[in-house]
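Asks:
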Amino acid sequence: MDYFLMSKELTVFDIVIVGGGPAGLFCAIHSAGEGRKVLVLEKKASCGRKLLITGSGQCNLTHEGEISEFLSHYNNTGRFLRPALMNFTNKDLVDFFVKRGVSFETDKNGKIFPSTKKAADILSVLLRECEERGVLIQCSEPVSSVKIAEGGFVVETIADKYFSKCLVVSTGGSSYPQTGSSGDGYKIAENLGQPVTEIAPALAPVYPRSYPFGSLSGISFNNARISLFRENKKIAEHNGDILLTHKGLSGPGILDFSRNILPGDVLKISFMTGMNPEEFRKDFTQKTDSGGTKLVRTILSEYSLPERFARKIIELSGISPDLTCAHLPKKERNVLIKNLTEYPFEVRELGGFDEAMVTSGGIALESVNPKTMESKVVSGLFFVGEILDIDGDTGGYNLQAAFSTGFLAAKTIISRL
Ligand SMILES: Cc1cc2nc3c(=O)[nH]c(=O)nc-3n(C[C@H](O)[C@H](O)[C@H](O)COP(=O)(O)OP(=O)(O)OC[C@H]3O[C@@H](n4cnc5c(N)ncnc54)[C@H](O)[C@@H]3O)c2cc1C
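Everything in the sequence shown is counted per my numbering, starting at 124 for the first residue and increasing by one.
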């Protein structure tokens, strides 16, 4: 490529993008063309490492439905994201990949995945598109500092120095730091005078103080009711899918709700999904009253609870596995009902950055123009993707935000250059 040298040390680019994740690569693709010189600097030996592990390697790219319905899935920051999402919707995102040979499937919860269930297929489209549009990608080149210069920025890496007219910071958050997103962008931003809000792990699993379900790891409950108590007061309630793991609670219902949870809180979970607890109490009481020689666990099996779970909850309620309904004392029955409809988990801790799927906090939204993704503090400086103080629910909302903000910044940049 014919990049002209500004001085002996500096190669000049129109756009330098720091971070080759989905937001950065998408921004590169859409800002390249018409002779614009675009450079992506990626810290790791290859781009998109986090993208490759999304949706357990299957990549939940986005969600079905109207884009206006997305706005409530970003922890009160939907208003900021509105222009980006409206400008490049979930349908636009799917179309982009369909035009490039990817087909998609939507699961029963509305999550959209490539039909191959391979995140690698999404990444290869992005990389191929970058190549076709002449984007230069340099891997294993972490950006260590950025300085404002006349007409642009001087970007310094461990290997080189570059001058860029526009700078896009797309270094992601701080979660799963082994993928490369370890919070570098916050320092770069702060050094440029950009306000950054406090960061914390988000979409994190919950580890209870006492957890008797370790042996049931892998069992999940659809649309369970989770009630959150702080200092004995119920402060919030949420419905969602729950997964029992070796050490604690996970699954979309827990992850999405985790931003509200603090160590010391108590989560009360109803495993009787699809049933109102009072309705279950009445039904179960009536069935056990008239159950006679039937085993208590046989009655429980009528509620489509996983058998291993039913056995465990019976044991935790102090009931012998072979107890018949006729011999079930009222007290034990009430304990069993309570355990099934409001099992208490005192929260010891939440998963940290090494386990949280995203980061809450980041570039302060009031310092970024939502219609352009440009900094209000430094002209020509853009922030896209998870580095922004946005954290979406599980379901494809985070990748959609990364792609939509990357696209919007690119649109703004090409209108300037
Ligand atoms: C396990 C897991 C599963 C997930 N599953 C889903 C899912 O199914 N659907 C969904 O919507 N979201 C999912 N997410 C969230 C989603 O992956 C992120 O929100 C998304 O990747 C953010 O994109 P980004 O481009 O902003 O940042 P990132 O993907 O984090 O990319 C940032 C890039 O910047 C690079 N970088 C960092 N510092 C520097 C530096 N100093 N110099 C140069 N480069 C640098 C990093 O190496 C990285 O490649 C998941 C996250 C995790 C951890």
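Glycine is no exception: its CB is placed at the ideal position from the N, C-alpha and C atoms.
1. Does the beta-carbon distance from T185 to G519 come in below 8 Å?
2. Put P237 into one of helix, strand or coil per three-state DSSP.
3. Excluding sequence positions up to five away, which residues of its chain have a Cβ less than 8 Å from the Cβ of S305?
4. Indicate the three-state DSSP secondary structure (helix, strand or coil) for L385 in the structure shown.
5. Does the contact criterion of 3 or more C-beta pairs under 8 Å hold for the stretch 151-166 versus the stretch 186-196?
6. Do P300 and I281 have their CB atoms nearer than 8 Å?
7. Would you kindly report the start and end of the unbroken beta strand (DSSP E) that includes G363?
8. Hey, quick one: how far does the alpha helix (DSSP H) through Y299 stretch, first residue to last?
9. Is S538 near ligand 1, in the sense that its beta carbon is under 7 Å from a heavy atom of that ligand?
10. Where does T416 land, buried or exposed, given buried means 16+ other C-beta within 10 angstroms?
11. Does the beta-carbon of I358 have 16 or more other beta-carbons within 10 angstroms, so that it is buried, or is it exposed?
12. Can the beta-carbon of F220 be found less than 8 Å from the beta-carbon of V258?
13. Between I176 and ligand 1, is there a pair consisting of the residue's CB and a ligand heavy atom that are separated by less than 7 Å?
14. Could you check whether the stretch 379-391 touches the stretch 314-333, counting it as contact only if at least three pairs of C-beta atoms, one from each stretch, sit closer than 8 Å?
15. For S154, is the beta carbon positioned less than 7 Å from some heavy atom of ligand 1?
16. Which class does T229 belong to by DSSP, given the choice of helix, strand or coil?
17. So for G397, helix, strand or coil by DSSP?
18. What did DSSP end up calling V258 once you bin it into helix, strand or coil?
19. Could you give the distance in angstroms between the alpha-carbon of I436 and the alpha-carbon of T464?
20. Spatial neighbours of I510 within its chain, please: C-beta separation below 7 Å, excluding the five flanking residues on both sides.
21. With a cut-off of 8 Å on the beta carbons, I'd call C262 and C170 a contact; round off their distance for me.
22. Cβ atoms of I342 and M367: under 8 Å apart, would you say?
23. G316 and V500 look like a contact to me (Cβ under 8 Å); what is the Cβ gap, rounded to whole Å?
24. If you drop the 5 nearest sequence neighbours on each side, which residues of the same chain put their C-beta closer than 6 Å to that of L531?
25. Specify, as a first and last residue, the run of the beta strand (DSSP E) that N345 falls within.
Replies: On the basis of the data shown:
1. On the sequence shown, position 62 is the one that residue 185 refers to. On the sequence shown, position 396 is the one that residue 519 refers to. In contact: T185 and G519 (Cβ atoms closer than 8 Å).
2. The residue you call residue 237 lines up with position 114 of the sequence shown. Strand.
3. For this step, residue 305 is matched to residue 182 along the sequence shown. For S305, where only same-chain residues beyond five positions count, the Cβ hits under 8 Å are S297.
4. For the purposes of this step, residue 385 is taken as residue 262 along the sequence shown, with counting starting at 1. Three-state DSSP puts L385 in coil, outside helix and strand.
5. no
6. Mapped onto the sequence shown, residue 300 falls at position 177. Mapped onto the sequence shown, residue 281 falls at position 158. Their beta carbons are not under 8 Å apart, which means P300 does not touch I281 by this criterion.
7. Locating residue 363 in the sequence shown gives position 240, where the first residue counts as 1. Here the beta strand (DSSP E) through G363 covers K356 to L367.
8. Position 176 of the sequence shown, counting from 1, holds the residue named residue 299. Note, Y299: premise wrong, no alpha helix (DSSP H); not H, not E.
9. Position 415 of the sequence shown holds residue 538. No, the Cβ of S538 stays beyond 7 Å of every heavy atom of ligand 1.
10. Stepping through the sequence shown from its first residue, residue 416 is reached at position 293. Answer is exposed; the Cβ neighbour count stays below 16.
11. Looking up residue 358 in the sequence shown gives position 235. Exposed is the call here.
12. Taking the first residue of the sequence shown as 1, we reach residue 220 at position 97. Taking the first residue of the sequence shown as 1, we reach residue 258 at position 135. Cβ atoms of F220 and V258: not closer than 8 Å.
13. Here residue 176 is taken as the residue at index 53 of the sequence shown, counted from 1. Correct: I176 has its Cβ closer than 7 Å to ligand 1.
14. yes
15. The residue labelled residue 154 in the question sits at position 31 within the sequence shown. False, no ligand heavy atom lies under 7 Å from that Cβ.
16. Looking up residue 229 in the sequence shown gives position 106. Here T229 sits in strand by DSSP.
17. Position 274 of the sequence shown, counting from 1, holds the residue named residue 397. Residue state, collapsed to three classes: coil.
18. What you label residue 258 is simply residue 135 of the sequence shown in a count that begins at 1. Note: V258 maps to coil in three-state DSSP.
19. In the sequence shown, residue 436 corresponds to position 313, counting from 1. In the sequence shown, residue 464 corresponds to position 341, counting from 1. For I436 and T464, the distance between alpha carbons rounds to 11 Å.
20. Counted from its first residue, the sequence shown places residue 510 at position 387. If we look at I510 and ignore the five residues flanking it on each side, its Cβ neighbours are V292, S293, T294, G295, G296, G308, G485 and I486.
21. Numbered from its first residue, the sequence shown carries residue 262 at position 139. Numbered from its first residue, the sequence shown carries residue 170 at position 47. Going by Cβ atoms, the distance from C262 to C170 rounds to 7 Å, so yes, they are a contact pair.
22. By 1-based counting over the sequence shown, the position of residue 367 is 244. By 1-based counting over the sequence shown, the position of residue 342 is 219. For the sequence presented, residue 367 should be read as Leu rather than Met. Against a cut-off of 8 Å, the Cβ pair of I342 and L367 comes out as a contact.
23. Within the sequence shown, residue 316 is the residue found at index 193, counting from 1. Within the sequence shown, residue 500 is the residue found at index 377, counting from 1. Yes, they are in contact, since the Cβ atoms of G316 and V500 sit about 5 Å apart, within 8 Å.
24. For the purposes of this step, residue 531 is taken as the residue at position 408 of the sequence shown. If we look at L531 and ignore the five residues flanking it on each side, its Cβ neighbours are A207, N210 and M496.
25. In the sequence shown, residue 345 corresponds to position 222, counting from 1. Start and end: S343 to R353.
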